[in-house]
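K.L.:
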Amino acid sequence: MVGTGAYREQYRRSLDDPEAFWLEAARAIEWTRPPTVALDSSGAPLYRWFPDGELNTAINALDRHVDSGRGEQNALLWDSPVTGSTARYTYTELRDSVATLAGALRSLGVGKGDRVVIYLPMVPEAVMAMLACARLGAVHSVVFGGFAPKELAARISDAEPKVVLTASCGVEPSRVVEYVPIVREALDLVHDAGARRPDHVVVLQRDTARAELRDGELDWNDLVATASPADPVPVAATDPLYVLYTSGTTGKPKGVVRDNGGHAVALAWSLPAVYDIGPGDVWWTASDVGWVVGHSYIVYAPLLVGATTVLYEGKPVGTPDAGAFWRVASQYGVKALFTAPTALRAVKRVDPEGTQIARYDLGRLRTLFLAGERLDPQTYHWASERLGIPVIDHWWQTETGWPVAANPRGIEPLPVKPGSATVPMPGWDVRVLGQSGREQPMGKEGALAVKLPLPPGSLPTLWGDDERFVESYLSRYEGYYLTGDSGYVDDDGYLFVMGRTDDVINVAGHRLSTGAMEAVLAAHPAVAECAVIGVHDALKGQLPRGFVVLKAGADIPEDQLTEELVAAVRAEIGPVAAFRDVSVVDALPKTRSGKILRSTMRGIADGRDVPVPSTIEDPDVLERLRTILRPSR
19 MVGTGAYREQ
29 YRRSLDDPEA
39 FWLEAARAIE
49 WTRPPTVALD
59 SSGAPLYRWF
69 PDGELNTAIN
79 ALDRHVDSGR
89 GEQNALLWDS
99 PVTGSTARYT
109 YTELRDSVAT
119 LAGALRSLGV
129 GKGDRVVIYL
139 PMVPEAVMAM
149 LACARLGAVH
159 SVVFGGFAPK
169 ELAARISDAE
179 PKVVLTASCG
189 VEPSRVVEYV
199 PIVREALDLV
209 HDAGARRPDH
219 VVVLQRDTAR
229 AELRDGELDW
239 NDLVATASPA
249 DPVPVAATDP
259 LYVLYTSGTT
269 GKPKGVVRDN
279 GGHAVALAWS
289 LPAVYDIGPG
299 DVWWTASDVG
309 WVVGHSYIVY
319 APLLVGATTV
329 LYEGKPVGTP
339 DAGAFWRVAS
349 QYGVKALFTA
359 PTALRAVKRV
369 DPEGTQIARY
379 DLGRLRTLFL
389 AGERLDPQTY
399 HWASERLGIP
409 VIDHWWQTET
419 GWPVAANPRG
429 IEPLPVKPGS
439 ATVPMPGWDV
449 RVLGQSGREQ
459 PMGKEGALAV
469 KLPLPPGSLP
479 TLWGDDERFV
489 ESYLSRYEGY
499 YLTGDSGYVD
509 DDGYLFVMGR
519 TDDVINVAGH
529 RLSTGAMEAV
539 LAAHPAVAEC
549 AVIGVHDALK
559 GQLPRGFVVL
569 KAGADIPEDQ
579 LTEELVAAVR
589 AEIGPVAAFR
599 DVSVVDALPK
609 TRSGKILRST
619 MRGIADGRDV
629 PVPSTIEDPD
639 VLERLRTILR
649 PSR
């Protein structure tokens, strides 16, 4: 195992005696009833951490820092180049705002265990809304503002929230997105499906585009103005803190559950251990609160440890230029930045020589962390050479909640290997398994799996569906969590993550189901059958590419069909899918049992020398597709 001692010792202890390891880590959290038991295995393979513990996450994120005398330290710095606005909130100011918003939600009937859907742009109120729910013991479900009404409706139908919190608009560099019409359409879809509608919709009015409110829609500021602060409500460590939906292969989104106790312990441990960030440090995660990265490392982890977190409403380029990231890092004295390789590739494309970097004083920036999709060596070298600081790749998922593999900068910084996420973090017993479930030798690629039990902070189940949780993640290899990624471990113990093993693709850090896109294409009256695959893209990591077979007698120009299909995916899935490429083909390659050979198609599109499967029904179909697939590189 790599490392000189500190990392190896912590990793060994976490696997040999996980209960002692995590009970010790739990001391960093303030409990209303401290846990005496770390792990409840009685429901295996459904495990529960700190089953006898009780706490409130908002107290740990805000109140305790104020009570310890650090209330005047900055907790949240908001920078919005798209609106030309900034704001600062001390821990005292943020606590008071959260308590008042919690009181407003309480006046609408929200209490312990109730759900609240949050559909907001990157504004301070989004952070306040999450923490206000946590203060009440309610369960929040944040939905990224780029999702279409149908996707929002699916999440509302599943979570059954009492309240939806939204804004009049979101602001993009080139357009303004009005949220209220999207919410109204989503609620109509919820009603049409016979699902429970929320009792209230609360709208934060933004000056960029204000909304005319209808009956039943409440003005955020008016509601808060008459509210009394709410006291925090203690909850069991095993009670849910939030539900965050991720793409499901069946078309129905999977509601990843995060509990209160394990989540607080894992994040409070990980930020100093993995990212070397502690109390008073300025930390910036350039992501969105709609994704797990935003939940864990914009909102909860930095506030749990008493750091200062930056909330950025802008883009890596175009707001106003490719120096946006460096301007923010310089202006606020950021110690470490966490973003996606896609963002760096966008900056590199516009400013290949890195001339914008020289405009700013980045003397306080110590480390750049990247995750969301695999960090290609070219981007790694570009960033490390121009910034002159360590550039650290790491690997985790919505389901895991925090890094599975990383470079433990706060424990023992390890040498960087381009293309590797470095090593498994304490608590994560990562194995590389073959088809039969046998562990693969060093250097041989296989399915990446984690031996159960998963550590604190990972998902204990899916919302309302233990059976789907077991079927989706725990059934392929008994005693293991299947990550859905493939990879290998080299002779030094470094982990290399090579890509997805299922049909969920990674577009600029957003995990999207190709199956859901196929459903949209198949609904077109001219389409007989279709397939969508993810192909390599130098900027976004992967992009979806569609292939359709027309119905007999269908008479439609290919450019018109492409335009209609692209528009349909944009409307049904959302612009985040970046779906633009469709080809009409005479047939799709299939096995004799009728399964479309998507993995083979992906391999050809990515330029690999893919053998023709022995189970193929008609090899000539695949050969005809090769000339279409290869240019996509």
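Heads up, the final residue of the sequence shown is numbered 651 in our numbering, and it's a clean run with no missing numbers.
From the three backbone atoms N, C-alpha and C, an ideal C-beta is built for every residue, glycine too.
(1) When we look at the beta-carbon of residue 462 and count the other beta-carbons within 10 Å, is it buried (16 or more) or exposed?
(2) Cβ of residue 180 within 8 Å of Cβ of residue 217?
(3) If contact is defined by three or more beta carbon pairs under 8 Å, each pair taking one atom from either stretch, is the segment 332-352 in contact with the segment 152-161?
(4) In terms of residues, what are the limits of the beta strand (DSSP E) holding residue 560?
(5) Does the segment 373-391 touch the segment 401-418, meaning 3 or more C-beta pairs lie closer than 8 Å?
(6) With three or more C-beta pairs closer than 8 Å as the rule, is the segment 588-604 touching the segment 556-573?
(7) Are the CB atoms of residue 552 and residue 591 within a distance shorter than 8 Å?
(8) For residue 193, does the count of other Cβ atoms within 10 angstroms reach 16, so buried, or fall short, so exposed?
(9) Residue 355 to residue 302, Cα distance in whole Å?
(10) Please list the terminal residues of the continuous alpha helix (DSSP H) segment that includes residue 27.
(11) So the alpha helix (DSSP H) residue 638 belongs to, where does it begin and stop?
(12) Using alpha carbons as the reference points, say which of 338, 336, 351 and 310 lies closest to residue 328.
(13) For the alpha helix (DSSP H) that contains residue 5, what are its first and last residues?
(14) Mind listing, in chain order, the continuous beta strand (DSSP E) runs of no fewer than 3 residues lying wholly within the segment 281-334?
(15) I think residue 559 touches residue 526, with their Cβ atoms under 8 Å apart; what is that distance to the nearest whole Å?
(16) Please report how far the alpha carbon of residue 248 lies from the alpha carbon of residue 153, in whole angstroms.
(17) Using only CA atoms, which one of 547, 336, 307 and 173 lies nearest to residue 143?
(18) Specify the secondary structure class of residue 389 as computed by DSSP and reduced to three states.
(19) When you compare the CB positions of residue 542 and residue 589, do they come within less than 8 Å of one another, or not?
(20) Among the candidates 467, 26, 96 and 391, whose CA atom is the shortest distance from the CA of residue 454?
(21) Let me confirm a value: residue 627 is counted as buried when at least 16 other C-beta atoms fall within 10 Å, else exposed. Which label applies?
(22) So the alpha helix (DSSP H) residue 533 belongs to, where does it begin and stop?
(23) Can you find the residues in the same chain that come closer than 6 Å, C-beta to C-beta, to residue 646, ignoring five residues on each side of it along the sequence?
(24) Rounding to the nearest angstrom, what Cα-Cα distance links residue 116 and residue 278 in this structure?
(25) Of all the options 594, 485, 531 and 320, which has the alpha carbon lying nearest to the alpha carbon of residue 502?
(26) For residue 417, which option in 519, 262, 451 and 482 has the closest C-alpha, if you only look at C-alpha atoms?
(27) Leaving aside the five residues before and after residue 538 along the sequence, list all residues of the same chain whose C-beta is less than 8 Å from its C-beta, in chain order.
(28) Taking the alpha helix (DSSP H) that residue 239 belongs to, which residues open and close that run?
(29) Give a yes or no on contact between the segment 181-189 and the segment 217-228, applying the rule of three or more CB pairs nearer than 8 Å.
(30) Would residue 61 pass as a contact of residue 276 if the rule is Cβ separation under 8 Å?
(31) Within 10 angstroms of the Cβ of residue 130, are there 16 or more other Cβ atoms? Answer buried if so, exposed if not.
(32) Using the Cα positions of residue 442 and residue 50, report the straight-line distance between them to the nearest angstrom.
(33) Taking only the alpha-carbon atoms, compute the straight-line gap between residue 622 and residue 322 and give it to the nearest angstrom.
(34) Would you call residue 104 buried or exposed, if buried means 16 or more other Cβ atoms sit within 10 Å of its Cβ?
(35) With a threshold of 6 Å on Cβ separation, who are the neighbours of residue 638 within its own chain once the five nearest residues in sequence on each side are excluded?
(36) DSSP on residue 92, reduced to helix/strand/coil?
P.N.:
Checking against the coordinates, here is how it stands:
(1) exposed
(2) yes
(3) no
(4) 559-568
(5) yes
(6) yes
(7) no
(8) exposed
(9) 5 Å
(10) 24-34
(11) 637-647
(12) 351
(13) In the structure as shown, the chain starts at 19 and stops at 651, and residue 5 therefore has no counterpart that could be examined.
(14) 300-303 and 326-330
(15) 6 Å
(16) 8 Å
(17) 307
(18) coil
(19) no
(20) 467
(21) exposed
(22) 532-540
(23) 601
(24) 18 Å
(25) 531
(26) 262
(27) 583, 586, 587, 590 and 591
(28) 238-243
(29) yes
(30) no
(31) exposed
(32) 32 Å
(33) 46 Å
(34) exposed
(35) none
(36) strand
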